[in-house]
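**Q** Here it is, the structure in full.
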Amino acid sequence: MNEQITAAQINDKGHLMIGGCDAVELAHQYGTPLVVYDVTQIRNQIRAFKRVFEENKVDYEVSYASKAFAAIAIYQLVQAEGGHADVVSAGEMYTALQAGFPMENISFHGNNKSREELLMAVKNHVGMIMVDNFYEITLLSEVLEELDETANVMMRITPGISAHTNKYIQTGQVDSKFGFDLQSGQADEALAKILANPRMHMKGLHAHIGSQIFELAGFEGVAKKLVEVAAHWQAKFAYQAEIINVGGGFGIRYVKDDHPLAPEQFVDAIIKAIKKEIAKTSLKMPAIWIEPGRSIVGPAGYNLYTVGSRKDVPGLKPYVTVDGGMGDNIRPALYQAQYETVLANDPQAPAVEHVRIAGKYCESGDILSEDQALPATKPGDVLAMLDTGAYGYSMASNYNRNPRPAVVFTENGQSQLVVKRESLADLTRLDQPYRQ
Ligand code: LLP
Numbered sequence: 111m112n113e114q115i116t117a118a119q120i121n122d123k124g125h126l127m128i129g130g131c132d133a134v135e136l137a138h139q140y141g142t143p144l145v146v147y148d149v150t151q152i153r154n155q156i157r158a159f160k161r162v163f164e165e166n167k168v169d170y171e172v173s174y175a176s177k178a179f180a181a182i183a184i185y186q187l188v189q190a191e192g193g194h195a196d197v198v199s200a201g202e203m204y205t206a207l208q209a210g211f212p213m214e215n216i217s218f219h220g221n222n223k224s225r226e227e228l229l230m231a232v233k234n235h236v237g238m239i240m241v242d243n244f245y246e247i248t249l250l251s252e253v254l255e256e257l258d259e260t261a262n263v264m265m266r267i268t269p270g271i272s273a274h275t276n277k278y279i280q281t282g283q284v285d286s287k288f289g290f291d292l293q294s295g296q297a298d299e300a301l302a303k304i305l306a307n308p309r310m311h312m313k314g315l316h317a318h319i320g321s322q323i324f325e326l327a328g329f330e331g332v333a334k335k336l337v338e339v340a341a342h343w344q345a346k347f348a349y350q351a352e353i354i355n356v357g358g359g360f361g362i363r364y365v366k367d368d369h370p371l372a373p374e375q376f377v378d379a380i381i382k383a384i385k386k387e388i389a390k391t392s393l394k395m396p397a398i399w400i401e402p403g404r405s406i407v408g409p410a411g412y413n414l415y416t417v418g419s420r421k422d423v424p425g426l427k428p429y430v431t432v433d434g435g436m437g438d439n440i441r442p443a444l445y446q447a448q449y450e451t452v453l454a455n456d457p458q459a460p461a462v463e464h465v466r467i468a469g470k471y472c473e474s475g476d477i478l479s480e481d482q483a484l485p486a487t488k489p490g491d492v493l494a495m496l497d498t499g500a501y502g503y504s505m506a507s508n509y510n511r512n513p514r515p516a517v518v519f520t521e522n523g524q525s526q527l528v529v530k531r532e533s534l535a536d537l538t539r540l541d542q543p544y545r546q
């Protein structure tokens, strides 16, 4: 039996259950490909993060990195759990606004925020603007002047820490497009500019070392580095940081060879490292903020697909093709990401073969799984790919003009459509006829 599925997730028909709902029935009711979230799992992870801060008796915020999955329903769920949220675009900000999410609990990130985006953020009184570069300091000053407003800001620095993860999702190394460089003195220069502007209320500093990180050392390193910078700023500028934001990036288990700590254990180690470093200085203990995305929604998500065609070539691993693929989950093609997949109507069935799970897109690289042990499958069977909740739907595309899937929330045996399936009409909604 797949180790990621617990006995409690199998119902009396032997089917996989998600949030107490039968996965096969969900597939039939809503169609496939379908993205399904187990809401309880999302709530529990946010609560586990909060608990670890409370146990350590520090001020904190858990800010959900909404790029992992952004839709009105998830902002509402995060709000109900008392979380903050990070946005990185006008689109995410707009979605949070539509959700009724309190704007004072939003942090706005990005390495090239436009003037329009900054105007939108300031007009809506977004709680924190994460200043990334000199151009942004100038733009934001102009926007604040124009609107006669003030804003809370934090400064993103590049901590000079290379995390062991796929290079496309590393962000903390010196040679990175994000944040102010420390070694060259850019961060100090930026701080002087921010402190000199009475419209900017400088709240603290931020770093994010990357995503899907398993090693504690990287997080402890960033904690240490941020306290060092805070102490340096206190000595040089008599500036006391109120908040240290260590970003997100806590790795999750996708396949059986992944053995990450529980996400809250990473956070426990970070809090302890910050406390230890602060004790060596005369700084007051700052609030600690985290920005987890993947660890909140990743393990709670499932992609359901229906099996269609199959190709067997003697001596080669068979291709079992499903009705989705790189349009609803680009991660295998883009990052060689791996997932486990089970047969939804019998996740406990012993495997009889190793197959490739192929998508339906016109591209050889559209393989969702290069090697999956599965029982015998036939057209019409429902496959459930596990742990797909982060950066799956949020990176979905309409490649080949395939509509994007629907998204369903499940909890305590109830299911609810939270993002409709795109229709064919949606696909041409923006098209304009060519007048020749
Ligand atoms: N904070 C900042 C500033 C970030 O840039 C990110 C992710 C996060 C927090 C959340 O990281 P998480 O806890 O989700 O690892 N598309 C890639 C991941 C890109 C992550 C970008 N930044 C993937 O599918 O693996």
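111 is the number of the first residue of the sequence shown in our numbering; add one for each residue after it.
Here a beta-carbon is modelled for each residue, glycine too, at the ideal position from N, C-alpha and C.
The model shown is predicted, which means the values in this text are computed figures rather than measured ones.
(1) Beta strand (DSSP E) containing residue 466: first to last residue?
(2) Count the CB pairs spanning the segment 245-255 and the segment 299-307 that are closer than 8 angstroms, and state whether there are at least three.
(3) Are the Cβ atoms of residue 451 and residue 495 separated by less than 8 angstroms?
(4) Cβ of residue 429 within 7 angstroms of any heavy atom in the ligand LLP?
(5) Flag this pair as yes or no: are the beta carbons of residue 146 and residue 128 separated by less than 8 angstroms?
(6) Exposed or buried, which one is residue 492 when buried takes at least 16 other CB atoms within 10 Å?
(7) Please find out if some non-hydrogen atom of the ligand LLP comes closer than 7 angstroms to the beta-carbon of residue 196.
(8) Could you tell me if the beta carbon of residue 370 falls within a distance shorter than 7 angstroms of some heavy atom in the ligand LLP?
(9) Decide if residue 201 is buried, meaning its Cβ has at least 16 other Cβ atoms within 10 Å, or exposed.
(10) Could you check how far apart the C-beta atoms of residue 397 and residue 329 are, in whole angstroms? I think they sit under 8 angstroms.
(11) Rounded to a whole number of angstroms, what is the C-alpha to C-alpha distance between residue 417 and residue 326?
(12) If residue 337 and residue 387 are in contact, beta carbons under 8 angstroms, what's the gap, nearest whole angstrom?
(13) Distance, Cα to Cα, residue 433 vs residue 210?
(14) Which partner residues of residue 399 appear in the DSSP bridge assignment?
(15) Among residues of its own chain, excluding the 5 on either side of residue 361, which ones have a beta-carbon nearer than 6 angstroms to its beta-carbon?
(16) Taking Cβ positions, are residue 311 and residue 401 nearer each other than 8 angstroms?
(17) Does the separation of the CB atoms of residue 284 and residue 293 fall below 8 angstroms?
(18) Could you check the C-alpha separation between residue 217 and residue 501 for me, to the nearest Å?
(19) Could you pull out every residue in the same chain whose Cβ sits closer than 8 angstroms to the Cβ of residue 358, ignoring the five residues on either side in sequence?
(20) Using only the alpha-carbon positions, how far apart do residue 383 and residue 517 sit?
(21) Would you mind giving the Cβ-Cβ distance between residue 497 and residue 411, rounded to the nearest angstrom? I have them listed as a contact below 8 angstroms.
(22) So, using beta-carbon positions, are residue 265 and residue 290 closer together than 8 angstroms?
**A** Taking the geometry as given:
(1) 463-468
(2) yes
(3) yes
(4) no
(5) yes
(6) buried
(7) yes
(8) no
(9) exposed
(10) Not confirmed; about 17 angstroms, so no contact.
(11) 40 angstroms
(12) 4 angstroms
(13) 34 angstroms
(14) 171 and 355
(15) 322, 323, 324 and 370
(16) no
(17) yes
(18) 19 angstroms
(19) 175, 318, 321, 400, 401, 402, 403, 404 and 405
(20) 39 angstroms
(21) 7 angstroms
(22) yes
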